[in-house]
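Student: Structure in structure tokens, see below.
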Amino acid sequence: MLQIGPYHFQSKLFLGTGKFSNFDIQKEAVDASETEVLTFAVQRMNIYEPNQPNFLEKIDLQKFKFLPNTAGAKTAEEAVRIAKLAQASGICHMVKVEIIGCDKTLLPDPVETLRATEMLLEEGFIVLPYTSDDVVLAKRLENLGAHAIMPGASPIGSGQGIVNPLNLQFIIEQSEVPVIVDAGIGSPTDVAYAMELGADGVLLNTAVSGATDPVKMAVAMKLAVQAGQLGFEAGRIPKKTHAVASSPQEGLGL
Amino acid sequence: MDVRINGNKMNIPQDVNTISKLIAHLNISNPVIIVEHNAQILQKEDHATTEVAPNDNIELIQFVGGG
């Protein structure tokens, strides 16, 4: 069971809703993933094409907890404005602070992320900051009162998986609030690895929406979360530098 | 009357005088619409009672796919 603020989740997989080829595939993938949390972005409407299909049309609004992100914000103030706009919809439960500080790498701006987290917590939001895998920053965010910490595995959409497992491990070990590994996940291997490191959950998007078969990949990710979680709980054997036989070496002595 | 919607100047009929009427006038069918009226974020229940006046600045916001 994963708890974030007042919310309890059976599933430890959060799914983004970007870049699916169509909304039917998206709905199938969402259902197949068995996620309980969906993320999305906030954007100005195109008033000249007001009848363009919207991804929410296929989504049962009662079935999920919604985690809008503040993508597009460059400052804490912009992130707070986006969060308040999302909240005014009446359907959102939490907010993912996402303040990009570098257009090339899409890595988050640590200073603005910290400021936005503090401002949103003061306003009473359930705040999940997307952050780099900086161990000290993660602790600072937790100390402010963030309801979960979401360190990136690698740059957004890169599919590179976990590039600094040691930092993630440090963040997980020190954290008293849930750690959701967010961004950069490419394959079920990455998801299982994050969970084996002790993460409380994984947030991914492109790894599913960009897969050749998004629905099948959604199932794979669901199972990877479960496999990694079980592996973490079971306790893996320590790595050794030398072979240790698993069969008797004597044989029949012939 | 002239209003500014999402940064674009637009002329709307005089009887389109509330936010709810404006949303209907623009034929917006999104399941979720968020409105910022003269830099004030409106709650959904206030759409019907918030009046639209000439030169108002209105932002119509939606949710889109994202991660």
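Chains A and B, in that order, give the protein sequences.
Be aware that the first sequence starts at 7, since it is given in the working numbering, and climbs by one per residue.
Be aware that the second sequence starts at 87, since it is given in the working numbering, and climbs by one per residue.
Cβ coordinates follow ideal geometry from the N, Cα and C atoms, glycine included.
Remember, predicted model here, so these are calculated numbers, not experimental data.
#1: Flag L258 of chain A as yes if its beta-carbon sits less than 8 Å from any beta-carbon of chain B, otherwise no.
#2: CA-CA distance, T23 of chain A and Q93 of chain A?
#3: Would you say Q16 of chain A lies against chain B (beta-carbon separation less than 8 Å)?
#4: Of all the options A:E202, A:P184, A:L143 and A:E124, which has the alpha carbon lying nearest to the alpha carbon of H14 of chain A?
#5: List the endpoints of the continuous alpha helix (DSSP H) containing V86 of chain A.
#6: Just mark L210 of chain A as buried or exposed, buried being the case when its beta carbon has 16 or more other beta carbons within 10 Å.
#7: Would you mind telling me which residues of chain B sit closer than 7 Å to F46 of chain A, beta carbon to beta carbon, in chain order?
#8: What residue range is occupied by the uninterrupted beta strand (DSSP E) comprising R90 of chain B?
#9: Give a yes or no on whether the minimum CB-CB distance between K107 of chain B and chain A is below 8 Å.
#10: Give the range of the beta strand (DSSP E) segment to which F70 of chain A is assigned.
#11: Looking at R90 of chain B and the ligand MG, is the gap between the Cβ and the nearest heavy atom below 7 Å?
#12: Does chain A have any CB closer than 8 Å to the CB of Q126 of chain B?
#13: Ignore the nearest five residues each way along the sequence and tell me which others in G11 of chain A's own chain have a CB closer than 6 Å to its CB.
#14: Got a sec? Which residues, its chain only, sit under 7 Å from A77 of chain A by beta carbon, not counting five neighbours each side?
#15: Which same chain residues end up closer than 7 Å to R121 of chain A when comparing Cβ atoms and leaving out the 5 residues on each side of it in sequence?
#16: Judging by CA-CA distance, which residue of A:K110, A:L21, A:A35 and A:I88 is the nearest neighbour of K71 of chain A?
#17: Work out the CA separation of D196 of chain A and G216 of chain A for me, nearest whole Å.
#18: I'd like to know if E182 of chain A contacts chain B, where contact means its C-beta is closer than 8 Å to some C-beta of that chain.
#19: I want to verify the contact list: residues of chain A whose CB lies under 9 Å from the CB of N103 of chain B, in sequence order.
#20: Just checking: is the beta-carbon of P99 of chain B within a distance shorter than 8 Å of some beta-carbon in chain A?
#21: Identify the residues that DSSP records as bridge partners of V250 of chain A: which are they?
#22: Please confirm whether P140 of chain B has its beta-carbon closer than 8 Å to some beta-carbon of chain A.
#23: Go to Y136 of chain A, then tell me how far its beta strand (DSSP E) extends in each direction, as first and last residue.
#24: Once the 5 residues before and after T104 of chain B are set aside, which same chain residues still bring their CB inside 8 Å of it?
#25: When you check each C-beta in the region 184 to 200 of chain A against every C-beta of chain B, which residues fall closer than 7 Å?
#26: Using a Cβ cut-off of 7 Å, pull out every chain B residue sitting near T23 of chain A, in sequence order please.
#27: Would you mind telling me which residues of chain A sit closer than 9 Å to V118 of chain B, beta carbon to beta carbon, in chain order?
#28: Report the rounded CA-to-CA distance for V102 of chain B versus Q175 of chain A, giving the unit in angstroms.
#29: Can you list, in chain order, the residues of its chain with a C-beta nearer than 8 Å to that of A125 of chain B? Leave out the 5 residues immediately preceding and following it.
#30: Give me whichever residues DSSP pairs with P157 of chain A in a beta bridge.
Tutor: Concretely, from the data shown:
#1: Working through the first sequence from its first residue, we reach residue 258 of chain A at position 252. Not one chain B Cβ lies under 8 Å of L258 of chain A.
#2: The residue you call residue 23 of chain A lines up with position 17 of the first sequence. The residue you call residue 93 of chain A lines up with position 87 of the first sequence. Note on geometry: alpha-carbon atoms of T23 of chain A and Q93 of chain A lie some 18 Å from one another.
#3: Residue mapping note: residue 16 of chain A aligns to position 10 of the first sequence, counting from 1. Residue contact with chain B for Q16 of chain A: absent (no Cβ-Cβ distance below 8 Å to any residue of chain B).
#4: Within the first sequence, numbered from 1, the residue matching residue 14 of chain A stands at position 8. Per the Cα distances, A:P184.
#5: Working through the first sequence from its first residue, we reach residue 86 of chain A at position 80. Where V86 of chain A is concerned, the enclosing alpha helix (DSSP H) stretches over A82 to Q93.
#6: Counting from one through the first sequence, the residue named residue 210 of chain A turns up at place 204. That one is buried.
#7: Counting from one through the first sequence, the residue named residue 46 of chain A turns up at place 40. Within chain B, the residues near F46 of chain A are F149, V150, G151 and G152.
#8: What you label residue 90 of chain B is simply residue 4 of the second sequence in a count that begins at 1. Looking at the DSSP string, the run of the beta strand (DSSP E) that includes R90 of chain B is D88 to I91.
#9: The residue you call residue 107 of chain B lines up with position 21 of the second sequence. By this cut-off, K107 of chain B is not an interface position.
#10: By 1-based counting over the first sequence, the position of residue 70 of chain A is 64. Unbroken run through F70 of chain A: none, as it is neither H nor E.
#11: The ligand MG is absent from the structure shown, which contains no ligands of any kind.
#12: For the purposes of this step, residue 126 of chain B is identified with residue 40 of the second sequence, where counting begins at 1. By this cut-off, Q126 of chain B is not an interface position.
#13: For the purposes of this step, residue 11 of chain A is identified with residue 5 of the first sequence, where counting begins at 1. Answer for G11 of chain A: I132 and H153, listed in chain order.
#14: Here residue 77 of chain A refers to the residue found at position 71 of the first sequence. Cβ neighbours of A77 of chain A within its own chain (closer than 7 Å, five residues either side excluded): A47 and E104.
#15: Translated into positions along the first sequence, residue 121 of chain A becomes position 115. Sequence-distant partners of R121 of chain A (beyond 5 residues in either direction) whose C-beta falls short of 7 Å from its own C-beta, in its chain, are A82.
#16: As a first step, residue 71 of chain A must be located in the first sequence, where it is residue number 65. Cα-wise, what sits closest to K71 of chain A is A:L21.
#17: Counting from one through the first sequence, the residue named residue 216 of chain A turns up at place 210. Counting from one through the first sequence, the residue named residue 196 of chain A turns up at place 190. For G216 of chain A and D196 of chain A, the distance between alpha carbons rounds to 16 Å.
#18: Within the first sequence, residue 182 of chain A is the residue found at index 176, counting from 1. Cβ-Cβ to chain B under 8 Å: no for E182 of chain A.
#19: The residue you call residue 103 of chain B lines up with position 17 of the second sequence. In chain order: nothing, as chain A lies at least about 18 Å away.
#20: Here residue 99 of chain B refers to the residue found at position 13 when the second sequence is read from its first residue. For P99 of chain B, the closest Cβ of chain A is not nearer than 8 Å.
#21: Residue numbering aside, residue 250 of chain A sits at position 244 when the first sequence is read from its first letter. Note: V250 of chain A sits in no beta bridge, so no partner.
#22: Here residue 140 of chain B refers to the residue found at position 54 of the second sequence. Output row for P140 of chain B: interface = no.
#23: As a position in the first sequence, residue 136 of chain A is number 130, starting the count at 1. Residues V133 to T137.
#24: Locating residue 104 of chain B in the second sequence gives position 18, counting from the first residue. So the qualifying residues of the chain are H133, A134, T135, T136, E137 and V138.
#25: Those residues of the region 184 to 200 of chain A placed with their C-beta closer than 7 Å to a C-beta in chain B do not exist.
#26: Taking the first sequence and counting its residues from 1, the one referred to as residue 23 of chain A is at position 17. Neighbours of T23 of chain A in chain B, taken as residues whose beta carbon is under 7 Å from its own, are G151 and G152 in chain order.
#27: As a working note, residue 118 of chain B is residue 32 in the second sequence. Contact annotation for V118 of chain B against chain A: N60, L62, L67, S95, G96 and I97 [CB-CB distance below 9 Å, chain order].
#28: Translated into positions along the second sequence, residue 102 of chain B becomes position 16. Translated into positions along the first sequence, residue 175 of chain A becomes position 169. Straight-line Cα distance between these residues: approximately 57 Å.
#29: Counted from its first residue, the second sequence places residue 125 of chain B at position 39. Closer than 8 Å at Cβ, skipping near neighbours: N143.
#30: The sequence position of residue 157 of chain A within the first sequence is 151, counting from 1. P157 of chain A pairs with A:T137.
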